[in-house]
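Novice: Here's a structure for you.
Protein chains: 2
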Amino acid sequence: MPKHTKQTTNGAQLKLRRVAIDTYHENVAFLNRNCELYRAEGFQALSKVAVMANGKRIIAVLNIVDDDHIVPPQEVGLAEQAFDQLGLPEGGLVHIAHAEPPASMEAVRRKIAGERLELDDFREITQDIIANRYSKMELAAFLVSSMHSGLDREEIYSLTRAMTETGERLNWGSGLVVDKHCIGGIPGNRTSMLIVPIVASHGLLMPKTSSRAITSPAGTADTMAILAEVDLSPEAMHAVVSKTHGCLAWGGKARLAPADDILISVERPLGIDSEGQMVASILSKKIAAGATHLLIDIPLGPSAKVRHIQQALHLRKLFEYIGDRLGLRLEVMITDGRQPIGRGIGPMLEAHDVMLVLENHPEAPADLRQKTLNLAGRILEFDPDVRGGQGYALARDILDSGRAKHKMAEIIEAQGGKPLDFTPAPLHEEICAANDGVVTSIDNYQLARIARMAGAPMVARAGVELLKKIGDKVEQGEGLYRIYAEYPADFSFATNVARENAGYTIGREQDIVKPYMEF
Amino acid sequence: MPKHTKQTTNGAQLKLRRVAIDTYHENVAFLNRNCELYRAEGFQALSKVAVMANGKRIIAVLNIVDDDHIVPPQEVGLAEQAFDQLGLPEGGLVHIAHAEPPASMEAVRRKIAGERLELDDFREITQDIIANRYSKMELAAFLVSSMHSGLDREEIYSLTRAMTETGERLNWGSGLVVDKHCIGGIPGNRTSMLIVPIVASHGLLMPKTSSRAITSPAGTADTMAILAEVDLSPEAMHAVVSKTHGCLAWGGKARLAPADDILISVERPLGIDSEGQMVASILSKKIAAGATHLLIDIPLGPSAKVRHIQQALHLRKLFEYIGDRLGLRLEVMITDGRQPIGRGIGPMLEAHDVMLVLENHPEAPADLRQKTLNLAGRILEFDPDVRGGQGYALARDILDSGRAKHKMAEIIEAQGGKPLDFTPAPLHEEICAANDGVVTSIDNYQLARIARMAGAPMVARAGVELLKKIGDKVEQGEGLYRIYAEYPADFSFATNVARENAGYTIGREQDIVKPYMEF
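Protein chains in written order, with this note's numbering: chain A, 1 to 519; chain B, 520 to 1038.
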């Protein structure tokens, strides 16, 4: 890659220092305002500099420091991640020089100007991103340029493929490795923890890697962490899968499609969300995780991520197109996303729901069981020996017979099981109905927010337990849900927000929004 | 370095600390990774936090620190600018809380989605920008969104007006305050330093504020700084103008259209450039500086910013449209931008060119004189008493009679004149013609780059002196230009780059690109 770096800097060298600031996938270098090199070379704050020694070289964004305790004039500081990337000891002598923006920014500028990009452009962009050559500003520029009408289907394919080519790729030594992914937005939606044991009982390989919660009150990895270790190396995952056919691990260690993680770190605080980026993100991660057959769950509802059936159908076509281009057998199900699934919201409460369904307990949440069987049934039909339409009955038999529960116990044991304790956090309060009627809608976003404020997912025992769901009759003063918190500050914060807007509407039977699902 | 001292905070309040890092128009807050509040509240790196006390409140981007010396667990650090903005003493107790992105990001997201924005949207965006509520990522998102789907003329008008409404506005107490602006890209183009004394001699008010060089080897402010002080307060500018009718000051102190400065700080490192943002930037600054009559210079040439006549004409219409909507009397001239203007490139060499023209010296560069008279003539015609077509002759008389030189001496004296010394930097080398022929083109970009590498504008005496211009005959081995540098490293770097690509093409008379200028 051509770089126009000014190699000599008046012969001067600076001492390297580690600055213990976590700059989150952005290489940052710090120079003292009184550094002679800074003055002589006319470095600009926010411009790019190269830091190099012994043939090693990194590119970083420059910040200026006025405190000799952070970085004195004769030193150059590197924030944690840049320091680690350079891989040189503190106190060593380095050169610094002006550096150009990463070469692939030229492609981003073409994208901004409205051009189509090719596979090679996306390859260069993702390579530069994972080498931490993009600043946060540059990442934002790339994301915004590829929003909305920004990427056509061919470009989304190229981006997905380029992201798949970065980082590791897991290989399970089988031509049939199933996986599922939900596009998110529905609290309590812990079907993966039920589908994996059902599908693995049948004998299909389902090595599931999941994320921890980012903006939600619990991710599958947070919830599984209540029952077992989830922070597994690729080797440990292989051991669990070869023993049980399944696993439920956190995907963070495996470095799957790492460009995606970096893009998400900018997309999230910006609150921007593009279909193309989402599809590329999901599929690149799944392909990198070694999946050959994938079921995508698109929940549809007035407070879900996807709010209109047309949007859901469009998204399905897009997933199908990219999946086909990449040789992935992919099915999409549009599901009922009008309200949270199950009763619990928060890692421990959700783990409890999962266990109740596995135990066929009379108090197991019916909707979680039902949705699980629908999805698991479709996944079982990826098996060529399962006749079309028989998957649901097969999944139900596996669950009802206790084989799924037994399989889950095996997986938990193989992942280093933890002692079971589903006692929720001690502080609790019920949020009650303001009037008589029927629950006509539940706001997924508001319930997730309240559970987060109560402490989930950081405080595993905190969260929300739903006492009423859509269609349930309630009387004025009757509890709609219960908030659990560990700390008084969290507790008062969550209960105050819930009292202001409970997230429930209570009305007449006929006001209930009908689901548009494909069950 | 001692790290990770686990200490409890009192839950709700943290001690305020100033962190001496210049984050360049971005409010940044620092929390220690072991701060209990950080853990309990689930703050995310790069998310927004509010820091508040005594009714004061700022929004900042959160960075996480692993070094107790930078910020210990029971404190919250604010980078310099955020600290100054909050205006509380170090050690005071503050609250922190999750904060939403600035409200106007909602409008940015609408722009990303392809919608038109209204004046009120742009007002909210610019207000949030100057209150430092936008992170660099958010600024990048706004800039790219307004390039990609583009801004229509009405939106550019709204943005310009909104930017004009932020910050200060200079008032010169006259209905006729003239100004000029060149859209840039041509090295050595120091006409302002000649136009101001000519126009002020005639009696028109021309209080010129200029920028320092950002990506070029010299700005008007850098060049004027060779002769006099340019860092004038608004009061000092008023004093100079009331005495001489003109001034040549650096605009940085005056806080004119500050939203523009912040946007440029992101636009520049991203290397993106949109017509709409450029027009809004130029006109908002000029209106804020109190101009009522403005001449815009659009240099056109194969290595200028504007490379096609169609683009130049389109840009002219846009300037005219926005100028008219804002009540500004505005003229646009498309000028010859095929090569650098004058002989010198670099602050001191350019100041020397200016003085030679003022002195009517036989060695004064003819093109700088010619261009100056054309532009000054048009500005003089803003005076209702000057008959159309007479401006050029009037300007020439003022220059030839020595009145312009005398006026410049007055301005220099009023601005605190410096001793004159035009000795260039000691290290020098001539770059010579590789073959016989005629100079057919000179690459503005490459010459600017070489002058910058030689040290300009930081090293005022460094730069490039052109010995040949387009149309000049040269023999093999004859000097094309001379590079001057102060430091050996700069010198060898600049000469190496020049030897690799001199930036000159030598060919036949008929290969010379004809200018499309409006003289």
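From the three backbone atoms N, C-alpha and C, an ideal C-beta is built for every residue, glycine too. Here the structure is a predicted model, which means the values were calculated and not measured.
(1) Please look up how many angstroms separate the CB atoms of G765 of chain B and A719 of chain B, rounded, as I've assumed it's under 8 angstroms.
(2) Quick one: is T9 of chain A near chain B, going by C-beta distance under 8 angstroms?
(3) Would you say K655 of chain B lies against chain A (beta-carbon separation less than 8 angstroms)?
(4) Give the range of the beta strand (DSSP E) segment to which M333 of chain A is assigned.
(5) Within 8 angstroms (strictly less), CB to CB, does L535 of chain B reach chain A?
(6) To which residues of the same chain is R499 of chain A closer than 8 angstroms at the C-beta, ignoring the five residues directly before and after it?
(7) Return the chain-ordered list of same chain residues with a C-beta closer than 6 angstroms to the C-beta of F549 of chain B, the five sequence neighbours on each side being excluded.
(8) Under the three-state reduction of DSSP, which class applies to P453 of chain A: helix, strand or coil?
(9) Taking C-beta pairs closer than 7 angstroms, name the residues in chain A that E467 of chain B reaches, listed in chain order.
(10) Which of the three DSSP states is assigned to T811 of chain B in this structure?
(11) Could you run through the stretch 613–634 of chain B and flag, in chain order, every residue whose CB is less than 7 angstroms away from some CB of chain A?
(12) Rounded to whole angstroms, what is the Cα-Cα separation between F319 of chain A and A254 of chain A?
(13) Any Cβ of chain A within less than 8 angstroms of the Cβ of I583 of chain B?
(14) How would you call P2 of chain A, buried or exposed, if buried means at least 16 neighbouring beta carbons within 10 angstroms?
(15) So, using beta-carbon positions, are V357 of chain A and P365 of chain A closer together than 8 angstroms?
(16) Do T685 of chain B and A776 of chain B have their CB atoms nearer than 8 angstroms?
(17) Given this structure, state the Cα-to-Cα distance separating L420 of chain A from A460 of chain A, to the nearest angstrom.
(18) Does DSSP put V905 of chain B in a helix, in a strand, or in coil?
(19) Helix, strand or coil for G998 of chain B, going by three-state DSSP, please let me know.
(20) With distances taken Cα to Cα, identify the nearest neighbour of L913 of chain B among B:G896, B:E929, B:R971 and B:H925.
(21) Applying a beta-carbon distance threshold of less than 9 angstroms, which residues of chain B neighbour E80 of chain A?
(22) In three-state terms, what does DSSP make of D1030 of chain B?
(23) Please give me, in chain order, every unbroken run of the alpha helix (DSSP H) with length at least 4 that falls completely inside the stretch 599–664 of chain B.
(24) Let me know the secondary structure DSSP gives R536 of chain B once reduced to three states.
(25) Which residue from A:L263, A:G342 and A:K56 puts its Cα closest to that of G92 of chain A?
(26) Can you tell me which of A:S284, A:G276 and A:Q81 puts its alpha carbon nearest to the alpha carbon of T23 of chain A?
(27) Alpha carbon to alpha carbon, how far is Q277 of chain A from P788 of chain B? Give it in angstroms, no decimals.
(28) Terminal residues of the continuous beta strand (DSSP E) containing H238 of chain A?
(29) Have a look at H523 of chain B and G703 of chain B and give me their C-alpha separation to the nearest angstrom.
(30) For my contact list, L966 of chain B and I1031 of chain B are in at a C-beta cut-off of 8 angstroms; report their separation, rounded to the angstrom.
(31) Can you tell me whether R844 of chain B is helix, strand or coil according to DSSP?
(32) Using a Cβ distance threshold of 8 angstroms, determine whether the stretch 203–223 of chain A contacts the stretch 123–140 of chain A, with at least three qualifying pairs required.
(33) Put L695 of chain B into one of helix, strand or coil per three-state DSSP.
(34) By Cβ distance, which residues of its chain are closer than 8 angstroms to G606 of chain B, with the 5 residues on each side in sequence left out?
(35) Taking DSSP's pairing of strands, which residues face T209 of chain A in a bridge?
(36) Using 8 angstroms as the threshold, is the stretch 890–905 of chain B in touch with the stretch 710–725 of chain B, meaning 3 or more CB pairs across them?
Specialist: This is what the structure holds:
(1) 3 angstroms
(2) For T9 of chain A, the predicted structure reports a pLDDT of 42, less than 50, and the residue's modelled location is therefore unreliable. The matter cannot be settled from this model.
(3) yes
(4) R329 to D336
(5) no
(6) I431
(7) V538, N582, V584, V590 and G596
(8) According to the sequence shown, residue 453 of chain A is Met rather than Pro. It is helical.
(9) Past the edges of chain B, shown from 520 to 1038, lies residue 467 of chain B, and the structure says nothing about it.
(10) coil
(11) P620, M624, R628, I631, A632 and G633
(12) 24 angstroms
(13) yes
(14) Confidence at P2 of chain A is low in this model, with a pLDDT of 34, below 50, so its placement is unreliable and the value that follows should be read with caution. That one is exposed.
(15) yes
(16) yes
(17) 13 angstroms
(18) coil
(19) strand
(20) B:G896
(21) D585
(22) helix
(23) 599–605, 624–631 and 638–649
(24) strand
(25) A:K56
(26) A:Q81
(27) 24 angstroms
(28) Where H238 of chain A is concerned, there is no enclosing beta strand (DSSP E), although the alpha helix (DSSP H) it sits in stretches over P234 to T244.
(29) Because H523 of chain B sits at a pLDDT of 30, beneath the cut-off of 50, its placement in the model cannot be relied upon, and the following sentence gives the value as read from the coordinates. Roughly 51 angstroms separates the two Cα atoms.
(30) Actually they do not touch by this definition, with Cβ atoms about 17 angstroms apart.
(31) helix
(32) no
(33) coil
(34) K575
(35) A:A249
(36) yes
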